[in-house]
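Single-structure report; data block below.
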Amino acid sequence: MFTAALPSVKFQTAAAIIAVVAAVALPQVFHVAGAALGLGTMIGQTLLPMHLPVLLVGLLAGPFAGLATGALAPIASFALTGMPMAPMVPFMIIELASYGLFAGLLRGVRLPATVPSPLGWLAKLVGAQIAGRIVDALAIAVAVSLLGNTSMTVASVAAAVVTGLPGLVLQWVLVPVVMTAVDRRRD
């Protein structure tokens with residue numbers, strides 16, 4: 000069922016560091032571009048630029064690098080840029096760490112040989128996205144019910160999916176392309 004061995008710890012560490020930097024820098028690029036194009040600075044909520052490096056590092060370097068990147072990226076971004084907003088940071092940590100973890104766990108799952116590489120990577124990506132959203136919804140449900148957090152609701156997960164649909168489509172296109180190119184380079 001599992002085939003891909005994890006890369007070296009050195010590779011995982013380097014990949015995680017690069018992905019954290021990308022997860023901090025990409026949203027800033029998107030915000031500036033959105034402002035310059037008259038689309039507003041909140042374009043990041045639509046195109047989900049912080050998610051791309053987290054998902055890619057999980058698929059490339061495995062669950063440890065994915066989890067670490069997903070957990071550290073929102074903290075680093077908040078410390079350096081003030082974004083995401085403070086109430087969102089814990090939820091972003093949980094969501095992104097889940098994406099990275101599940102992408103990493105799914106990276107080594109062998110699919111039938113009849114599944115073309117891009118479709119296989121797409122299936123793994125969608126699996127990680129669904130698992131991450133479920134974990135995010137559970138975290139929000141706990142915050143709402145146990146902690147009385149009224150700034151977030153479980154319905155906000157559905158709203159985030161709708162708002163982020165262009166970003167999901169971007170991920171569905173870019174991630175399989177990148178991962179298929181990596182596959183070809185390995186061969």
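So in numbering that gives the first Met the number 0, spot 137 of the sequence shown is number 136, and the numbers just go up one at a time.
By construction, the Cβ of each residue, glycine as well, lies at the ideal position given by its N, Cα and C atoms.
Exposure label - residue i; buried when at least 16 CB within 10 Å
{"i": "Val28", "result": "exposed"}
{"i": "Val191", "result": "Here the chain comprises residues numbered 0 to 186, so residue 191 is not present and cannot be evaluated."}
{"i": "Met49", "result": "buried"}
{"i": "Ala22", "result": "buried"}
{"i": "Val174", "result": "buried"}
Residue range of the unbroken alpha helix (DSSP H) whose run includes residue i
{"i": "Pro48", "result": "Looking at the DSSP string, Pro48 is not in any alpha helix (DSSP H), and its letter there is neither H nor E."}
{"i": "Leu173", "result": "164–185"}
{"i": "Pro26", "result": "8–35"}
Close Cβ partners of residue i (< 7 Å) along its chain, the five nearest in sequence each way excluded
{"i": "Gly131", "result": "Glu94, Ser97, Tyr98, Phe101"}
{"i": "Phe90", "result": "Asp135, Ala138, Ile139, Met151"}
{"i": "Thr179", "result": "Ser116, Pro117, Trp120"}
{"i": "Thr45", "result": "Thr162, Gly163, Pro165, Gly166"}
6 Å CB neighbourhood of residue i in its chain, flanking five on each side removed
{"i": "Val188", "result": "Here the chain comprises residues numbered 0 to 186, so residue 188 is not present and cannot be evaluated."}
{"i": "Ala18", "result": "Pro52, Val56, Thr68"}
{"i": "Pro26", "result": "Gly43, Pro48, Met49"}
{"i": "Gly65", "result": "Val56, Gly57, Gly99, Leu100, Ala102, Gly103"}
Own chain, CB closer than 8 Å to residue i, minus 5 neighbours either side, in chain order
{"i": "Arg195", "result": "Residue 195 is absent from the model: the chain starts at 0 and stops at 186."}
Open item on the list: As an exercise, report each continuous alpha helix (DSSP H) stretch of at least 4 residues that is fully enclosed by the segment 78–118, in chain order.
Closed with: Whole alpha helix (DSSP H) segments, 4+ residues: 88–106.
- [ ] State whether the segment 53–70 contacts the segment 94–113, with contact taken as three or more CB pairs (one from each stretch) at a distance under 8 Å.
- [x] Contact check between the segment 53–70 and the segment 94–113: three or more CB pairs, one atom from each, fall below 8 Å, which counts as touching.
Task: Touching by the beta-carbon criterion (3+ pairs, under 8 Å), the segment 47–55 and the segment 134–141 - done: No, the segment 47–55 is not in contact with the segment 134–141.
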